[in-house]
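Note sheet for the following structure.
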Amino acid sequence: MSIKTVREALNEALAEEMARDEHVIIMGCDCGVKGNPFGVTLGLAKRFGLERVIDTPISEPAFTGMGVGAAATGMRPVVEIMFCDWVTLAMDQIVNMAAKMRYMFGGKVEMPLVMRVPIGAGGGQAAQHSQSLEAWFNHVPGLKIVAPYSPADCKGLLKAAIRDNNPVIFLENKRTYAVKGEVEDGEDVLVEIGKASVVREGKHVTLVTYSSMVRTCLNAAKELEAEGISCEVIDLRTLLPLDYDTVIALLAKTGRVIVVHEASKRGGMGSDIVAELNERAFDLLDAPPLRVGALNIPIPYNATLEAAALPDEQNVIDAVHRCLSNE
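For the sequence shown, numbering that gives the first Met the number 0 begins at 0 and goes up steadily by one.
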């Protein structure tokens with residue numbers, strides 16, 4: 000067991016999987032010589048060579064298409080999109096090719112493709128570098144979506160994604176790269192895709208969240224504890240498939256649920272999760288489910304406006320008060 004940042008944990012996962020399997024390759028802009036703008040692939044090109052850590056031209060459609068072709072012909076590519084916003088340029092390759100190929104060929108073609116996609120705002124990167132578009136992919140059959148928070152989960156889930164024979168959208172929040180935590184050593188320490196984690200137990204309200212909002216919810220729960228309000232916090236870790244069994248089991252205890260995410264509230268993952276809970280577990284609800292998300296505006300460049308657009312601890316606390324007021 001050792002202490003690592005999310006950045007270090009992801010780097011270690013990539014290195015271990017590349018050492019374990021020569022079919023694992025990485026491709027994307029600046030992922031080789033420079034080691035990625037966020038330092039996630041730092042040192043991998045020197046260790047494994049530029050034939051396996053491939054610096055590509057600035058063309059997301061081209062190198063994503065290369066990844067799809069490589070996966071279909073026996074490789075295990077990890078394709079890196081520098082910012083989530085730019086995944087829009089490669090949507091045809093992801094949505095119409097990667098997601099559907101196994102189905103269209105009756106399972107004869109596997110698609111062990113991982114798309115590493117940094118999401119989230121912070122640091123004044125403005126409207127074209129700050130989005131969280133995970134709900135788009137949730138709509139597409141054939142994909143898996145992973146959105147971890149802790150270093151241990153980032154490492155274990157990235158390794159599991161690389162070994163999976165289906166296309167996986169692996170979402171990394173830029174504001175979590177420096178988060179530190181304990182990481183279990185060992186190349187076969189994986190985290191199962193599709194399993195949520197209960198990171199805080201409580202009895203009054205269940206907070207369902209993922210990625211950067213895990214920390215926000217934990218901070219809010221700590222503040223609410225001083226008021227005598229006990230919040231349970233579930234880190235989904237995986238968005239597709241989503242672990243509704245765990246969510247519903249805990250909802251049965253609290254009777255109240257709030258879904259929290261950094262993405263815009265309108266059309267976000269919270270909308271789909273609330274709809275599913277209404278269909279699957281309506282009788283367990285003692286109050287209407289609530290959602291907390293970013294304002295439905297482009298993310299501003301100005302630091303004060305950016306902070307105002309994003310959900311924070313106070314937004315979660317206010318939602319908990321509203322949820323409990325509906326007795």
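All C-beta atoms in this analysis are idealised placements derived from N, C-alpha and C, irrespective of residue type, glycine included.
On a predicted model such as this, the values are computed, not experimentally measured, just so you know.
Contact belief for residue i with residue j at Cβ below 8 Å, rounded distance in angstroms
i    : j    : result
K158 : L189 : 5 Å
G27  : G34  : Not confirmed; about 11 Å, so no contact.
R46  : A14  : 7 Å
V192 : D163 : Sequence check: residue 192 is Ile here, not Val. About 7 Å separates the two Cβ atoms, so the contact holds.
L284 : I247 : In fact, because the Cβ distance is near 11 Å, the residues do not count as touching under 8 Å.
V78  : G66  : 4 Å
E59  : I80  : 6 Å
K179 : R236 : About 18 Å; that fails the 8 Å criterion.
A262 : G292 : 6 Å
L9   : G31  : Wrong, their Cβ atoms sit about 16 Å apart, outside the cutoff.
First and last residue of the uninterrupted alpha helix (DSSP H) at residue i
i    : result
G292 : Careful: G292 lies outside any alpha helix (DSSP H), inside the beta strand (DSSP E) at 289-293.
F136 : 133-137
I144 : Where I144 is concerned, there is no enclosing alpha helix (DSSP H), although the beta strand (DSSP E) it sits in stretches over 143-145.
A307 : 302-308
D271 : 268-280
L238 : Element bounds for L238: not the alpha helix (DSSP H) but the beta strand (DSSP E), 237-239.
K33  : Counting along the chain, K33 falls outside any alpha helix (DSSP H), and DSSP gives it neither H nor E.
Coil, strand or helix - residue i by DSSP
i    : result
H320 : helix
G66  : helix
M96  : helix
N172 : strand
L9   : helix
K194 : coil
D108 : In the sequence as presented, Asp is not what sits at residue 108; that position holds Val. In this structure, V108 counts as coil in the three-state DSSP scheme.
R101 : helix
D91  : helix
S338 : As shown, the chain starts at 0 and ends at 326. That puts residue 338 outside it, with no answer to give.
G180 : strand
D152 : helix
E224 : helix
I298 : coil
G84  : Reading the sequence as shown, one finds Asp at residue 84 and not Gly. Residue state, collapsed to three classes: helix.
Reference residue i; option with closest CA among the options
i    : options                : result
Q92  : A160, G64, I24         : G64
M268 : D184, V67, S210        : S210
T208 : L142, H260, P240, V182 : H260
E140 : G123, I161, V167, S129 : It is Pro, not Glu, that sits at residue 140 in the sequence shown. With distances taken between Cα atoms, P140 lies closest to V167.
I2   : A71, V182, I257, I298  : V182
V256 : T205, G73, A70, N301   : T205
I233 : A262, S263, K202       : K202
D84  : Q124, A18, A177, E226  : Q124
E11  : I161, T55, S129, K99   : I161
A97  : A70, L217, K154        : A70
L142 : G155, V113, K154       : V113
G73  : D20, F136, Y102        : D20
L294 : F62, A18, E133, K264   : K264
M100 : F37, N165, A307        : N165
A89  : Y102, A286, R115       : R115
Start and end residues, beta strand (DSSP E) containing residue i
i    : result
C230 : 230-234
E79  : 75-79
M26  : 23-27
L206 : 204-208
L249 : First-last for L249: 243-253, but that is the alpha helix (DSSP H), not the beta strand (DSSP E).
V116 : 113-118
A262 : 256-263
V188 : No beta strand (DSSP E) holds V188; DSSP gives it neither H nor E.
I53  : 52-54
Chain C within 9 Å of residue i, Cβ atoms only
i    : result
L235 : Reference to chain C is not applicable here, since this structure consists of a single protein chain.
- Item | At least 3 beta-carbon pairs within less than 8 Å: the region 250-258 vs the region 146-162 | no
- Query: Using 8 Å as the threshold, is the region 113-121 in touch with the region 166-176, meaning 3 or more CB pairs across them?
  - Reply: yes
- Query: Are at least three pairs of beta-carbons, each pair with one atom in the region 237-248 and one in the region 103-113, less than 8 Å apart?
  - Reply: no
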